[in-house]
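Report on one structure; see the data block that follows.
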Amino acid sequence: MADKALGCDVSHWQGEINFEKMHDAGASFVFLKASQATWTDRRFVENYRAAKQAGLLVGMYHYLDWSVPSGQQARYFAGLIADYPPDIEPVIDYEERRNAPNRLAAISALNAFIQTVEDLIGRLCVIYTSPGYWREYGDTSDRWKKYPLWVAHYGVTRPTVPVPWTDWLFWQYTDKGDGALYGVESKQIDLNWFNGTVEQLRERYQSNSVALPPPIVKSVKLRVVVPVLNIRQGPATSFARIGDLRQGAQITVEAIKVENARRVWVKHSAGWSALVYDGSVFMQEIV
Numbered sequence: 169m170a171d172k173a174l175g176c177d178v179s180h181w182q183g184e185i186n187f188e189k190m191h192d193a194g195a196s197f198v199f200l201k202a203s204q205a206t207w208t209d210r211r212f213v214e215n216y217r218a219a220k221q222a223g224l225l226v227g228m229y230h231y232l233d234w235s236v237p238s239g240q241q242a243r244y245f246a247g248l249i250a251d252y253p254p255d256i257e258p259v260i261d262y263e264e265r266r267n268a269p270n271r272l273a274a275i276s277a278l279n280a281f282i283q284t285v286e287d288l289i290g291r292l293c294v295i296y297t298s299p300g301y302w303r304e305y306g307d308t309s310d311r312w313k314k315y316p317l318w319v320a321h322y323g324v325t326r327p328t329v330p331v332p333w334t335d336w337l338f339w340q341y342t343d344k345g346d347g348a349l350y351g352v353e354s355k356q357i358d359l360n361w362f363n364g365t366v367e368q369l370r371e372r373y374q375s376n377s378v379a380l381p382p383p384i385v386k387s388v389k390l391r392v393v394v395p396v397l398n399i400r401q402g403p404a405t406s407f408a409r410i411g412d413l414r415q416g417a418q419i420t421v422e423a424i425k426v427e428n429a430r431r432v433w434v435k436h437s438a439g440w441s442a443l444v445y446d447g448s449v450f451m452q453e454i455v
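When you line the sequence shown up against this note's numbering, it's residues 169 to 455, in that order.
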């Protein structure tokens, strides 16, 4: 498919990754495993930074398992997205059979996950699944059509698109890519097509592309300069308010999230608060 954009997907199973080599081998994007249940893939943070530095468009996925309620998993994943925003829509990996509930319960859990993520971060999820798994644990309701499909189907020249979708956005076409060629330690690697050209991929996602998050700043102390400043679960007004800071309160910065020049959030011991919001300054550095 010379006209399609090529990409990879990886997790800790790929070991140490040379993303520059992956890029040079022709990949334009990469999906990183971010989380499963309520734990972070042990290589996610280093993979995120290295993939961004290599110039790849970055996606991230959560592997939905059945050990933790799906809403709890979604909140965990949304927290990672807040700290490490992806260029591509967030992905829910819907394929786990071990300890899977019945079909109706599985569908309910999937729906709860994607609705929670959307409520928290304001972005639709991509659903990753296979035709066989969706036949067993999905349904044909049109409600799923608004969520882009990443379909896994190997050994075919054209993937089967499960109903109700009529087309795919990403296609994982093999799990037997040449690991060495794409810069990973594992012998094999998953390979994917984007349903469009490299130019169309960039047109769709380049506007979402974010710079690397700044390194954690642990020495900076700030003082609240407004009467009341909200504390939230994450760095956006879509996250729940969990408390407040009063004028004169001091915090130590643990992390920074820059939405744009007019919206900057800081993480502190109690949660996230706005440093600058729509141009208004809410805290000042203590010198």
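For each residue, glycine too, the CB sits at the ideal point set by N, CA and C.
As the structure is a computational prediction, the values presented were derived from the model and not from experiment.
In angstroms, rounded to a whole number, what distance separates the CA positions of T405 and L200?
The alpha-carbon separation between T405 and L200 amounts to approximately 26 Å.
Evaluate contact between the segment 347–354 and the segment 175–193, counting only Cβ atoms and requiring at least three cross-stretch pairs below 8 Å.
With a cut-off of 8 Å, the segment 175–193 and the segment 347–354 count as touching, because enough Cβ pairs lie within range.
Quick one: residues in its chain with C-beta nearer than 8 Å to the C-beta of S235, no 5 flanking neighbours on either side, listed in chain order?
Contacts found: A205, N267.
Exposed or buried, which one is M190 when buried takes at least 16 other CB atoms within 10 Å?
Looking at its Cβ environment, which holds 16 or more other Cβ atoms inside 10 Å, M190 is buried.
Which of helix, strand or coil does DSSP assign to H321?
In the structure shown, H321 sits in coil (DSSP, three-state: anything other than H, G, I, E or B).
Where do the ends of the alpha helix (DSSP H) carrying T284 lie?
Run containing T284: 271–289, per the alpha helix (DSSP H) assignment.
Find out if the Cβ-Cβ distance for the pair V449, S441 is shorter than 8 Å.
Contact check for V449 against S441 fails: the beta carbons are separated by 8 Å or more.
Considering Cα atoms alone, identify which of N186, R271, E214, V178 is closest to Y231.
It is V178.
Would you call the segment 355–362 and the segment 395–415 in contact, with 3 or more CB pairs under 8 Å?
The segment 355–362 is not in contact with the segment 395–415.
Of all Cβ atoms in chain C, is any one closer than 8 Å to the Cβ of I289?
Structure shown: chain C not included; a single protein chain is present.
Under the DSSP definition of a beta bridge, which residues are partnered with Q356?
According to DSSP, Q356 shares a beta bridge with D346.
With three or more beta-carbon pairs closer than 8 Å as the criterion, would you say the segment 325–333 touches the segment 303–310?
Judged by Cβ distances under 8 Å, the segment 325–333 makes contact with the segment 303–310, as three or more pairs qualify.
Please report the distance separating the alpha-carbon of P381 from that of V432.
Because the pLDDT at P381 is just 48, under 50, the model does not fix this residue reliably, and the value given afterwards should be weighed accordingly. So the two alpha carbons sit approximately 12 Å from each other.
Do W318 and Q283 have their CB atoms nearer than 8 Å?
Not closer than 8 Å, so no.
Let me know if A170 comes out buried or exposed under the rule of 16 or more other beta-carbons within 10 Å of its beta-carbon.
Exposed, by the Cβ-count rule.
So which of T342, I275, Y315 has the shortest CA-CA distance to T325?
Of T342, I275, Y315, the residue nearest in Cα terms is T342.
May I ask you to report which of helix, strand or coil DSSP gives G247?
Three-state result, G247: helix.
Exposed or buried, which one is E257 when buried takes at least 16 other CB atoms within 10 Å?
With 16 or more Cβ atoms within 10 Å of its Cβ, E257 is classed as buried.
In this structure, how does DSSP classify E453 when only helix, strand and coil are distinguished?
In this structure, E453 counts as strand in the three-state DSSP scheme.
From which residue to which residue does the alpha helix (DSSP H) around A219 run?
Its alpha helix (DSSP H) spans residues 212–221.
Report the option in L225, G300, G239, Q368 whose CA atom is closest to the CA atom of C176.
Closest by alpha carbon: L225.
Thinking C-alpha only, which one of A242, P299, E304 is nearest N270?
With distances taken between Cα atoms, N270 lies closest to E304.
Taking M169 as part of the beta strand (DSSP E), name the residues at either end of that continuous run.
Counting along the chain, no beta strand (DSSP E) covers M169, and no H or E run does either.
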